[in-house]
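Report on one structure; see the data block that follows.
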Amino acid sequence: MTERNRIEYHEQQLSIAKEVGDRAGQGDAYANLGKAYYRLGQFQQAIEYHKQDLSIAIEVGDRAGQGRAYCNLGCAYNHLGQFQQAIEYHKQCLSIAIEVGDRAGQGRAYGGLGNAYYCLGQFQQAIEYHKQDLSIAIEVGDRAGQGLTYGNLGIAYNCLGQFQQAIEYHKQDLSIAIEVGDRAGQGRAYCNLGCAYNHLGQFQQAIEYHKQYLSIAIEVGDRAGQGRAYCNLGCAYNSLGQFQQAIEHHKQHLSIAIEVGDRAGQGCAYGNLGIAYLSLEDFEQSMKHLKQELSITIEVGGRAREGTVYGNLGSVYKSLGDLQTAMEHYKQSLSIAKEVGNRSGEGHIYGALGLAYISLEQFHQAFECHKKQLKIAKEVGDMFQEGCSYKNLGETLMRSGSLDEAVVHFRFSVKTFETIRKSFISEDAWKISFRKFFECSYRHLSQCLIALQKTDEALYAAERGRAEALLDALKIKYGFTSLSPISNETEEDFAYISRNKSVLTTFIALDNGEISWWVLGKKTKAIFRQAVVLKSGSAKEDPFDALLKTSLKKIGAGRDVKCENRSLDLLRDKSTSSTKEDDKLSIPSHENIDWLQPLHDIVFGPIEDLLDGDELVVVPDGALCLAPWTALSETLRIRISPSLTSLKVIRDSSSEYHSKTGALLVGDPCLRKVKDKWDKPIYEQLEFAKKEVEMIGKLFNSQPLTGEAATKEEVLRRIDSVALIHIAAHGGKETGEIALAPNPGRQSKTRIPTEEDYMLKMSDLQAIKLTARLVVLSCCHSGQGEVSSEGVVGMARAFLFAGARSVLVSLWAIDDEATMVFMECFYQHLRVGESASTALQKAMKCLRDSDDFSAPKYWAPFVLIGDDVTIEFDVNL
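Residue 389 in the UniProt record's numbering sits at position 389 of the sequence shown; the count goes up by one each step and never skips.
The structure is reproduced here in structure tokens:
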């Protein structure tokens with residue numbers, strides 16, 4: 001039954017009650033009509049009906065009915081943004097419930113008070129009321145009520161920045177909804193979980209939960225719920241940068257809101273469309289939709305939402321460069337937030353105003369705004385906003401030239417964000433995504449310290465911001481449980497780490513075309529150098545990323561190369577006949593080498609005189625995490641590490657931790673059953689990958705897994721107890737996930753295997769403990785992934801996370817035959833006791849000097865990550 005159908009039914013109910021003079025029946029009908037209009041977002045109409053319900057309850061002396069009416073009025077006023085009025089009604093409801101001994105009614109009143117205080121941004125007060133509601137729900141055995149309250153608690157904790165606690169509450173809500181068979185409740189829990197993961201930056205996970213919510217809403221015929229699901233999906237896609245996808249979902253939300261007559265929902269949809277168009281820099285459309293939202297919001301009386309819209313319009317004007325108009329809108333937003341008592345919203349607007357003042361270089365006004373933002377964040381207990389406030393204060397001081405004071409505030413920002421981060425315990429994905437929110441605090445802190453010529457402290461600050469989540473995992477993995485996270489390491493501890501290096505190391509930091517190097521000798525103090533080496537042609541284009549793409553494109557390689565069978569020949573159209581000889585004619589070997597020279601000059605030129613010896617560890621930053629480091633020098637054996645401290649933890653791990661025997665060799669998994677929608681196989685077989693692992697198997701006296709035997713299930717069964725892991729297979733372009741043979745026993749003639757059946761993913765590795773000394777991922781794109789403060793978040797990091805000491809990967813699509821030749825040479829040098837870095841350097845030289853594979857695209861993609869290791873061949877493996 002739709003809300004319109006319900007309204008017609010309750011109007012008939014009211015007509016009959018009036019006809020027979022049933023005043024109590026009339027009250028019930030007015031209450032039901034009020035609830036129906038409330039669900040439609042027509043809150044003023046809802047209030048009129050609830051007031052009539054209240055009047056009749058007072059007239060007939062129905063104290064419980066009065067309490068019900070007060071509760072309903074409180075909920076409606078809360079949605080109108082009149083929170084103080086809502087609180088008064090909920091308190092009256094509570095008083096009556098206590099008077100008549102209605103424990104369930106008391107619980108509803110506490111819940112309503114909690115929601116009102118939440119909307120006011122007074123989250124701690126909201127939590128106290130929701131806990132009282134929960135206590136009563138448990139006492140009276142109301143399982144559904146308990147679930148609803150867990151959800152409300154989760155929402156409040158999410159706003160306090162306590163995301164782990166928030167998600168735990170939402171999961172309890174979901175568990176209860178499943179237990180009592182409440183499909184609508186399950187949908188609500190999925191919705192809240194999606195919103196929580198969206199706040200964490202885990203947008204893909206958020207989308208999965210919102211899709212589950214949408215599925216349930218469709219199942220139970222909840223059109224309004226479907227609209228909310230589309231709304232949430234649109235917001236998640238917007239966060240992912242998929243703006244057109246976001247717009248499509250917000251349009252679906254708008255269509256449903258119009259269909260069911262939900263004016264508030266229509267306003268929300270217009271607002272979200274405005275934000276999406278703003279992301280696309282379509283300012284005309286953004287302005288148009290936000291003004292439509294404003295008009296509807298004023299119509300339905302949503303005063304608090306009206307303030308939010310003014311803030312969003314301010315952002316549009318700011319993007320247009322009209323800072324004065326932007327500030328007028330921010331001030332309107334601020335005025336409304338104060339009017340309705342929304343302290344949290346007030347704090348957010350002070351933050352936006354402060355950033356506008358920074359753009360105007362009015363630093364005193366900016367500082368005052370951010371001080372107020374900080375004060376409110378502390379008052380309401382919002383640690384996330386507290387961290388943002390310190391960051392904004394630091395940026396204001398940095399821009400105004402007060403570097404010493406800026407350093408103090410950036411340190412407070414880092415400390416606050418790290419306190420939140422610690423609550424994530426072992427949730428690696430949460431740590432990575434949350435880290436993005438305060439990455440600039442570390443960068444600005446380091447930059448200020450460099451400007452103050454405190455370069456050692458700057459290195460410490462920059463290192464603290466690198467690979468934190470990986471380091472947490474490694475310390476647990478290697479049994480360093482007594483050690484605190486890097487964020488709590490003392491500067492003295494770090495100074496020891498930076499001085500006592502076993503090999504020459506350079507730590508790199510990038511900042512919009514500027515590069516900073518710290519070169520650390522084996523026992524010497526870090527030497528700092530800095531230079532502006534690149535200028536971006538576009539404000540949005542990272543200059544180092546542009547240089548890397550250009551260099552790789554010229555050698556016929558890079559991230560944009562598509563791969564189906566480890567062959568770079570797929571750069572060309574499949575219909576074109578082409579051979580490796582054609583490659584050599586079109587791109588001479590010496591020209592390929594010259595095209596990598598600009599990259600070499602940028603990263604090594606300014607520190608060339610410091611690079612003595614034949615070995616170098618690089619801790620790269622940003623786009624340079626995906627540079628072909630090993631190919632940039634013929635004299636240096638280069639390997640990379642996500643951070644200084646993570647490498648030290650690996651090196652300091654117990655000598656007994658990593659296995660000395662055993663090899664898992666996987667090549668050319670059979671993927672004939674993996675097909676596209678036209679029932680055609682997606683992957684080609686890899687003739688030379690099979691030969692590659694058979695060759696290595698002879699060296700190790702080990703039988704490789706190939707063809708149908710190379711299943712995901714079998715690989716995971718064997719992977720955790722060997723010294724060497726070598727996989728020659730297809731690799732995914734985005735993160736290097738590896739295609740293995742589908743697991744047996746789960747397939748049928750009609751069922752196509754899913755990715756879960758055959759794809760080795762990061763999550764699979766993070767769930768196990770490896771003891772491998774060396775992992776060789778002889779797969780396309782195995783070194784790819786999302787570049788972050790963690791380095792490259794992909795399969796290489798996943799293997800390190802799981803316990804591998806060293807990982808050899810490729811950065812782009814690799815040629816099947818060339819890679820077999822490369823690996824044959826690599827293992828010949830490992831066989832005689834040389835280290836992985838030495839074997840890698842000599843294998844690259846082998847191909848570089850060959851007739852068939854001299855082009856850099858064949859030998860340059862291979863990079864060694866982690867420690868340098870040797871493999872024992874003389875024992876019985």
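Cβ atoms here follow ideal geometry from the backbone N, Cα and C, with glycine treated the same way.
The count of Cβ pairs closer than 8 angstroms, one atom from the segment 384 to 398 and one from the segment 125 to 142, stays below three, leaving the stretches out of contact. Within the segment 786 to 835, the complete beta strand (DSSP E) runs of at least 3 residues fall at 786 to 788, 791 to 793, 806 to 810. In the assembly as shown, Q44 is an exposed residue. Its beta-carbon has fewer than 16 other beta-carbons within 10 Å. T645 sits buried, since 16 or more C-beta atoms from the chains shown fall within 10 Å of its C-beta.
The beta carbons of A526 and S516 sit no closer together than 8 angstroms.
Residue N272 holds the alpha-carbon nearest to the alpha-carbon of R228 among D867, N272, V414, D601. Between H10 and A36 a beta carbon distance of about 6 angstroms is seen, short of the 8 angstroms cut, so the two are scored as contacting. If you ignore the 5 residues before and after M398, its C-beta comes within less than 7 angstroms of the C-beta of A406, H444, C448, all in its own chain and listed in chain order. Taking L686 as the centre and dropping the five residues before and after it, the same chain places the C-beta of N565, R566, G667, D668, A728, A729, H730, D816 closer than 8 angstroms to its C-beta, in chain order.
A contact is defined here as three or more CB-CB pairs under 8 angstroms, and the segment 252 to 266 fails this definition with respect to the segment 236 to 243.
Put simply, of N701, G622, E615 the residue whose alpha carbon is nearest the alpha carbon of L632 is E615.
Here H249 is buried, its C-beta having at least 16 other C-beta atoms within 10 Å. Straight-line spacing of the CA atoms in D102 and V140 works out to 10 angstroms. Here S15 is exposed: its Cβ has fewer than 16 other Cβ atoms, across all protein chains shown, within 10 Å. Judged by DSSP secondary structure, Q85 falls within the alpha helix (DSSP H) whose first and last residues are 83 to 100.
When the five nearest sequence neighbours on each side are left out, the beta carbons in the same chain lying within less than 7 angstroms of the beta carbon of D764 are those of L716, in order along the chain. Of the candidates I640, C670, A546, the residue whose Cα lies closest to the Cα of Y758 is C670.
As computed with DSSP, V775 is found in a beta bridge with I725, V807. Closest in C-alpha terms to R183, from the list S782, Q164, L148, comes L148. The alpha-carbon of I376 is positioned some 43 angstroms away from that of G27. In the pairwise beta carbon analysis, the segment 822 to 829 is classified as not touching the segment 768 to 775: fewer than three pairs are separated by under 8 angstroms.
DSSP places K415 in the helix class (H, G or I) of the three-state scheme.
Between the segment 146 to 166 and the segment 106 to 114 there are three or more C-beta pairs closer than 8 angstroms, enough to call the two in contact. Partner residues in the beta bridge of F528, as assigned by DSSP, are W518.
The segment 290 to 302 makes contact with the segment 68 to 84: 3 or more CB pairs, one atom from each, lie closer than 8 angstroms. Per the C-alpha coordinates, the member of I136, A196, G185 positioned closest to Y157 is A196. The alpha-carbon separation between Q244 and I216 amounts to approximately 25 angstroms. DSSP, reduced to helix, strand and coil, places G866 within a strand of the structure shown.
Along the UniProt repeat "TPR" (187 to 220), the beta strand (DSSP E) does not occur as any fully enclosed run of 3 or more residues.
For the 8 angstroms CB-CB criterion, F163 and H210 do not form a contact. With a contact defined as Cβ atoms closer than 8 angstroms, L160 and N342 miss out at about 16 angstroms.
Taken in chain order, the complete alpha helix (DSSP H) segments of 4 or more residues contained in the segment 340 to 414 are 343 to 359, 363 to 380, 383 to 399.
G667: member of the beta strand (DSSP E) spanning 663 to 669, first to last residue. Excluding its 5 nearest sequence neighbours in each direction, P742 has C-beta neighbours in its own chain below 6 angstroms: K673, P753, D757, Y758, listed in chain order.
Cβ atoms of L374 and S319 stay farther apart than 8 angstroms, at about 25 angstroms. Counted as a single uninterrupted DSSP element, the alpha helix (DSSP H) harbouring L470 occupies residues 468 to 477.
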